[in-house]
Structure formats: C-alpha cells, structure tokens
Amino acid sequence: GVTPKIAPSMLSSDFSNLASEAHRMINYGADWLHMDIMDGHFVPNLTIGAPIIESLRKHTKAYLDCHLMVTNPLDYVEPLGKAGASGFTFHIETSKDNWKELIERISVQGMRPGVALKPGTPIEEVYALVEAENPVEMVLVMTVEPGFGGQKFMPEMMDKVRILRKKYPSLDIEVDGGLGPSTIDSAASAGANCIVAGSSVFGAPEPAQVISLLRNSVEN
Ligand code: DX5
Ligand code: ZN
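Be aware that the sequence shown starts at 2, since it is given in the UniProt record's numbering, and climbs by one per residue.
If you want it as structure tokens, here you go:
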C-alpha cells in the first residue's frame with residue numbers, strides 16, 4: 002500500500018547531536034529518518050557513512066532511509082547492512098550495468114532496495130528495476146540537484162511522479178529536495194507518498210506541525 006512516510010532529512014540536523022536530533026524527530030511524528038550519504042565525488046559534498054549509521058543505530062530503532070549519493074554504491078552495501086541501515090537507495094546513474102547484483106546484495110543484507118534518479122535522468126531508466134524479478138521497492142525522484150539541503154523544489158519533476166504512479170499504483174514513490182508546506186500539494190497530488198524534508202522541518206519553529214501538515218497533505 003502507499004501509506005505516507007514522512008522522512009526528515011538529517012542533513013539539516015545538528016550532526017554533533019545526532020542521536021538527540023533523531024529522537025526529537027521521532028517524537029515530532031516522523032516515520033523515517035532520511036540519511037544522506039555523500040562521497041564528495043558523485044556529488045560535491047561529503048557527509049556521513051556506515052560508522053555514523055552504526056553509532057546512531059545504537060540509540061534508535063527508527064527506520065533509517067539511506068540515500069546513497071556515491072559513485073560506487075556496491076562498496077557500501079555490506080558496511081551499511083552491518084551498521085543497521087533499513088533502506089538502501091542508490092542512484093541509477095551510478096549503476097546502469099550492475100543494478101541486478103546491487104539489488105540482490107542489498108536484499109541479502111536485509112535492507113530494502115530503492116533507486117534514485119537525478120533531475121536530468123529520464124524516468125524510463127528505472128522501469129526495468131521496478132519490473133525486475135528481484136525489484137526495487139521504492140523510486141526516489143530527486144526534485145533538486147543532489148548534494149545540498151535548502152535548494153528550490155523543481156515542480157517539473159512531478160511529471161515523473163505522475164507517470165510512475167499511473168504505471169505502479171502500489172509503488173513507494175519518494176520525493177527529495179525543497180519539500181515543505183508550499184510545495185507538498187504539488188508532490189502529493191502527483192502521487193508521491195514518501196516525503197523527505199530537511200530545511201522546512203528543521204528550520205520551523207514547530208517541526209511537529211510541519212510533519213503533520215505534510216502527512217495530512219499526502220493522505221488527502
Ligand atoms: C540533497 C539531499 C536531500 C536534502 C533535502 O542532496 O538528498 O535529502 O537533505 O533537503 P531540503 O529538504 O532542505 O531540500
Ligand atoms: Zn536525500
């Protein structure tokens with residue numbers, strides 16, 4: 002089913018207090034914690050990796066929705082599985098030749114496989130992964146260029162979401178980048194059900210209100 006999942010992006014949190022930031026978001030009503038893993042190569046920014054996921058896992062049972070913005074996602078599968086990641090979403094641009102092996106290994110590690118695509122990548126490139134014998138369980142449609150929080154939502158990406166939702170009624174479709182109270186209606190009406198939100202949640206005076214607003218918009 003396509004139940005709403007609201008996933009604050011921990012990229013906008015205070016990384017020096019990650020466990021308490023995670024607890025705060027779960028108490029505010031978050032379903033998932035979105036973890037942006039960047040290698041300074043696939044994207045021009047460097048964030049966290051398996052050691053920090055492992056540390057955080059000791060403090061929370063929450064679903065850790067890992068978004069791999071890395072050139073070699075295969076290298077991260079076993080470390081992240083052992084660290085306690087829940088979802089593993091790789092970019093199709095990095096994995097055109099080995100996505101079958103990647104999905105297989107992600108599943109073996111007990112994680113949920115997902116595929117992400119950059120704004121410039123056509124939606125057709127993920128169909129084979131959704132329709133595979135061993136398929137991805139989520140498609141992440143980037144609504145900004147990956148790399149940084151706080152960028153402007155690209156509404157033209159909603160065409161991809163609409164096409165996916167029509168083709169795959171029960172697929173988890175995640176949107177990431179620039180989501181908040183002013184852009185959620187566009188994403189929800191296109192058919193997205195997993196909503197990543199960094200700066201709009203962490204920057205709000207009352208993050209719980211933003212999280213419930215996002216959830217209500219997806220439900221309606
Ligand atoms: C961007 C990351 C996003 C980012 C979203 O590369 O994938 O998850 O943290 O942040 P906001 O919601 O501020 O655009
Ligand atoms: Zn992300």
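Using N, Cα and C, we set each Cβ at its ideal position, and we do this for glycine too.
Do D98 and the ligand ZN come close, with the Cβ less than 6 Å from some heavy atom? Residue numbering aside, residue 98 sits at position 97 when the sequence shown is read from its first letter. For the ligand ZN, not one heavy atom lies less than 6 Å from the Cβ of D98.
Express the C-alpha separation of E94 and F43 in angstroms, rounding to a whole number. Here residue 43 is taken as the residue at index 42 of the sequence shown, counted from 1. Here residue 94 is taken as the residue at index 93 of the sequence shown, counted from 1. Answer to the nearest angstrom: the Cα atoms are 10 Å apart.
Is it the case that the CB of D177 approaches a heavy atom of the ligand ZN more closely than 6 Å? Position 176 of the sequence shown, counting from 1, holds the residue named residue 177. Flag set: Cβ of D177 near the ligand ZN.
Is L65 helix, strand or coil when you go by DSSP? Translated into the one-based positions of the sequence shown, residue 65 becomes position 64. Strand.
Simplified DSSP state of A189, which is helix, strand or coil: Taking the first residue of the sequence shown as position 1, residue 189 is located at position 188. Residue state, collapsed to three classes: helix.
Which residues in the same chain have their Cβ closer than 7 Å to the Cβ of F149, if we skip the five residues on either side of it in sequence? Counting from one through the sequence shown, the residue named residue 149 turns up at place 148. Same-chain partners within the cutoff: N46.
With C-beta atoms as the reference, is E220 less than 7 Å away from P5? In the sequence shown, counting from the first residue as 1, residue 220 sits at position 219. In the sequence shown, counting from the first residue as 1, residue 5 sits at position 4. Note that the C-beta distance between E220 and P5 is below 7 Å.
Which residue marks the beginning of the beta strand (DSSP E) containing H92, and which one marks its end? On the sequence shown, position 91 is the one that residue 92 refers to. Per DSSP, H92 belongs to the beta strand (DSSP E) from 88 to 92.
Residue interval of the alpha helix (DSSP H) (run including A51): Position 50 of the sequence shown, counted from the first residue, corresponds to residue 51. Counting along the chain, the alpha helix (DSSP H) containing A51 begins and ends at 51 to 58.
How should E175 be labelled, buried or exposed, when 16 other C-beta atoms within 10 angstroms of its C-beta is the threshold for buried? Position 174 of the sequence shown, counted from the first residue, corresponds to residue 175. The residue is buried, with at least 16 neighbouring Cβ atoms inside 10 Å.
Are the beta-carbon atoms of Q152 and G179 separated by less than 7 Å? The count along the sequence shown starts at 1 and reaches residue 152 at position 151. The count along the sequence shown starts at 1 and reaches residue 179 at position 178. Yes, these two residues count as a Cβ contact at 7 Å.
Report all residues from its chain with a CB closer than 7 Å to the CB of D186; omit the five preceding and five following residues, and keep chain order. Mapped onto the sequence shown, residue 186 falls at position 185. Answer for D186: S218, listed in chain order.
Outcome for K97 when other beta-carbon atoms lying within 10 angstroms are tallied against a minimum of 16: As a working mapping, residue 97 is identified with position 96 in the sequence shown. Under the 10 Å beta carbon count, K97 is surrounded by fewer than 16 other beta carbons and is classified as exposed.
Taking only runs that begin and end inside the segment 153 to 204, name each unbroken beta strand (DSSP E) of 3 or more residues, in chain order. Listed in chain order, the complete beta strand (DSSP E) runs (minimum 3 residues) inside the segment 153 to 204 are 173 to 177, 195 to 198.
With a threshold of 16 other CB atoms inside 10 Å of the CB of K167, please say whether the residue is buried or exposed. Sequence index remark: in the sequence shown, residue 167 carries index 166 (1-based). So K167 ends up on the exposed side.
Taking just the CA atoms, how far does H35 sit from A144? Counted from its first residue, the sequence shown places residue 144 at position 143. Counted from its first residue, the sequence shown places residue 35 at position 34. Here residue 144 turns out to be Thr, not Ala, going by the sequence shown. Rounded to whole angstroms, T144 to H35 spans 15 Å at the Cα level.
Taking the beta strand (DSSP E) that L141 belongs to, which residues open and close that run? Numbered from 1 along the sequence shown, position 140 holds the residue referred to as residue 141. Start and end: 139 to 143.
For my contact list, V71 and M112 are in at a C-beta cut-off of 8 Å; report their separation, rounded to the angstrom. Working through the sequence shown from its first residue, we reach residue 71 at position 70. Working through the sequence shown from its first residue, we reach residue 112 at position 111. 15 Å between Cβ atoms; not a contact.
Using CA atoms only, rank isn't needed, just tell me which of K119, W100, V197 is closest to P182. Walking along the sequence shown from the start, residue 182 turns up at place 181. Closest option to P182, Cα to Cα, is V197.
Alpha carbon to alpha carbon, what distance is there between A8 and D66? As a first step, residue 66 is located in the sequence shown; it is residue number 65 there, counting from the start. As a first step, residue 8 is located in the sequence shown; it is residue number 7 there, counting from the start. D66 and A8: Cα-Cα distance of roughly 8 Å.
Take F16 as the anchor and find which of K83, E79, I54, A117 has the nearest alpha-carbon. Your numbering for residue 16 matches position 15 in the sequence shown. The shortest C-alpha separation from F16 is found at I54.
So, L81 versus A51, is the Cβ gap smaller than 7 Å? To locate residue 81, count along the sequence shown from 1; it is residue 80. To locate residue 51, count along the sequence shown from 1; it is residue 50. In contact: L81 and A51 (Cβ atoms closer than 7 Å).
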